[in-house]
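Protein chains: 2
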Amino acid sequence: MIYEMTIPQFTKMLHNFNKFLDKAQVNATERKFEMDVLLNARLAPDQFNFIRQVQLASDTAKYFASRLTGKEAPAWEDNEKTFEEVKTRIQKTINYLETFKPEDFKGSETKHITTPRWEGKYLTGLEYTNEHAIPNLYFHIMTAYSILRHNGVPVGKKDYLGEMPYKK
Amino acid sequence: MIYEMTIPQFTKMLHNFNKFLDKAQVNATERKFEMDVLLNARLAPDQFNFIRQVQLASDTAKYFASRLTGKEAPAWEDNEKTFEEVKTRIQKTINYLETFKPEDFKGSETKHITTPRWEGKYLTGLEYTNEHAIPNLYFHIMTAYSILRHNGVPVGKKDYLGEMPYKK
Numbered sequence: 004m005i006y007e008m009t010i011p012q013f014t015k016m017l018h019n020f021n022k023f024l025d026k027a028q029v030n031a032t033e034r035k036f037e038m039d040v041l042l043n044a045r046l047a048p049d050q051f052n053f054i055r056q057v058q059l060a061s062d063t064a065k066y067f068a069s070r071l072t073g074k075e076a077p078a079w080e081d082n083e084k085t086f087e088e089v090k091t092r093i094q095k096t097i098n099y100l101e102t103f104k105p106e107d108f109k110g111s112e113t114k115h116i117t118t119p120r121w122e123g124k125y126l127t128g129l130e131y132t133n134e135h136a137i138p139n140l141y142f143h144i145m146t147a148y149s150i151l152r153h154n155g156v157p158v159g160k161k162d163y164l165g166e167m168p169y170k171k
Numbered sequence: 004m005i006y007e008m009t010i011p012q013f014t015k016m017l018h019n020f021n022k023f024l025d026k027a028q029v030n031a032t033e034r035k036f037e038m039d040v041l042l043n044a045r046l047a048p049d050q051f052n053f054i055r056q057v058q059l060a061s062d063t064a065k066y067f068a069s070r071l072t073g074k075e076a077p078a079w080e081d082n083e084k085t086f087e088e089v090k091t092r093i094q095k096t097i098n099y100l101e102t103f104k105p106e107d108f109k110g111s112e113t114k115h116i117t118t119p120r121w122e123g124k125y126l127t128g129l130e131y132t133n134e135h136a137i138p139n140l141y142f143h144i145m146t147a148y149s150i151l152r153h154n155g156v157p158v159g160k161k162d163y164l165g166e167m168p169y170k171k
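Keeping their order, the protein sequence lines are chains A and B.
If you read the first sequence in the numbering used here, its first letter stands for residue 4, the second for the next number, and so on.
If you read the second sequence in the numbering used here, its first letter stands for residue 4, the second for the next number, and so on.
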């Protein structure tokens with residue numbers, strides 16, 4: 004169930020993220036300013052900028068998948084500077100998530116998950132998923148979204164949520 | 004599993020929300036402005052203000068629990084104006100969530116969930132949880148958080164995530 008409640012939705016959110024990046028670029032062109040302004044924007048002087056939010060969303064998703072399944076995560080350099088590089092980072096993350104299958108997550112609920120920062124402490128896989136990975140992913144995506152929203156890019160909740168698989 | 008991945012974490016996030024509201028009030032007092040300024044603030048002129056974000060986070064959690072379990076949701080008026088009223092709304096939501104038990108959600112994954120706005124269309128309980136309820140809850144909590152962050156209230160990711168149940 005952990006897989007079903009994370010990987011497909013994380014992938015969808017990263018696709019949505021890519022789409023509001025595209026909207027931002029169209030808007031920058033229309034309003035005649037450099038996209039770099041948005042990529043380096045933040046809501047407060049002591050907040051990470053837009054690019055760093057993308058990198059952190061990417062890392063959150065990547066390390067979640069890698070830690071819960073016990074597979075080694077690819078190393079990515081955090082050196083993105085341009086619109087294209089930022090989009091590539093998101094796409095690379097989507098591609099990585101798509102390598103996982105439901106069976107890779109079997110038994111991950113009770114696995115002990117730790118990170119280099121936690122000095123030997125751990126969370127169970129279920130706790131890590133609910134209290135760490137999911138809220139962190141939304142944190143960074145929403146911070147990036149809010150930076151755009153505050154700067155007048157016409158993104159809305161529909162862009163954030165993406166398509167719903169409605170049935171009749 | 005749906006219960007385990009939602010109700011305890013939704014409750015925790017609403018508690019964290021309450022805590023950053025308290026931080027906001029302390030900060031307003033220190034910086035000598037009315038808390039009302041923050042309660043009515045927004046990041047863009049066409050965005051709902053802070054109070055409305057609280058009401059929408061509350062509704063997201065309330066309707067999630069009620070729709071997935073088939074229990075009727077209490078009606079709340081959306082008439083909060085003061086700091087105390089906003090905090091009461093959050094607490095009321097927490098109290099409501101705490102009335103649910105894991106067994107109330109049995110079989111909810113495959114249930115057909117609809118809302119008055121969807122004109123007869125539906126999502127499965129699992130889709131509604133992952134693609135609607137969870138991202139919407141984080142959307143409104145993070146928008147409220149970002150409004151505070153942008154206005155210089157010293158909230159950070161630790162306040163947002165809350166305590167982690169680390170083990171040794």
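Every residue gets a Cβ at the ideal spot worked out from N, C-alpha and C, and that includes glycine.
- Taking the C-beta atoms as reference points, D162(A) is found no nearer than 8 Å to F13(A).
- A buried status is given to G128(B), since no fewer than 16 other beta-carbon atoms sit within 10 Å of its beta-carbon.
- Non-local beta-carbon contacts of N30(B) in its own chain, meaning distances under 8 Å to residues more than five positions away in sequence, involve G155, V156 and P157 in chain order.
- According to the DSSP assignment, P11(A) belongs to the alpha helix (DSSP H) that extends over I10 to E33.
- Under a criterion of Cβ atoms nearer than 8 Å, the residues of chain A adjacent to W121(B) are, in order, Y169.
- Rounded to whole angstroms, the gap between the alpha carbons of L164(B) and N139(A) is 8 Å.
- K160(A) counts as exposed, since fewer than 16 other C-beta atoms from the protein chains shown sit within 10 angstroms of its C-beta.
- According to the DSSP secondary-structure assignment, Y125(B) is paired through a beta bridge with K170(A).
- With contacts defined by Cβ atoms closer than 8 Å, H135(B) and M167(A) form a contacting pair.
- Looking at the DSSP output, I116(B) sits in a beta bridge with L126(B).
- One alpha carbon belongs to E88(B), the other to K104(A), and they sit about 46 Å apart.
- K171(A) counts as exposed, since fewer than 16 other C-beta atoms from the protein chains shown sit within 10 angstroms of its C-beta.
- Interface criterion not met: the Cβ of S61(B) is under 8 Å from no Cβ in chain A.
- Neighbours of P138(B) in chain A, taken as residues at a C-beta separation under 8 Å, are given in chain order as Q12, M16, Y141, Y163 and L164.
- Using a Cβ distance threshold of 8 Å, F20(A) and A60(A) count as a contacting pair.
- Nearest CB-CB separation between G155(A) and chain B: below the 8 Å threshold.
- Proximity to M38(B) across K26(B), P48(B), Y141(B) and T132(B) peaks at K26(B), based on C-alpha coordinates.
- The contact set of L42(B) on chain A, defined by CB atoms closer than 9 Å, is empty, because the minimum CB distance reaches about 18 Å.
- About 36 Å separates the CB atoms of L46(A) and K114(A); that is not less than 8 Å, and the two are not in contact.
- Residue state for D107(B) is assigned as helix, using DSSP reduced to three classes.
- At least one CB atom of chain B sits nearer than 8 Å to the CB of R152(A).
- Within its own chain, the residues whose Cβ lies closer than 6 Å to the Cβ of F67(B), once the five positions on either side in sequence are excluded, are A136, listed in chain order.
- If you draw a straight line from the Cα of P77(A) to the Cα of N43(B), it comes to about 44 Å.
- Contact annotation, L126(B) with I116(B): C-beta distance approximately 5 Å; criterion of less than 8 Å satisfied.
- For the region 49 to 86 of chain B, the full-length alpha helix (DSSP H) segments reaching 4 residues or more read 53 to 72 along the chain.
- One alpha carbon belongs to L17(A), the other to K65(A), and they sit about 12 Å apart.
- Under the 8 Å criterion on CB atoms, A47(B) is classed as interfacial with respect to chain A.
- Using beta-carbon distances, Y66(A) does not count as an interface residue toward chain B, since no partner is under 8 Å.
- Annotation for M4(A): no alpha helix (DSSP H) segment contains it, and DSSP assigns it neither H nor E.
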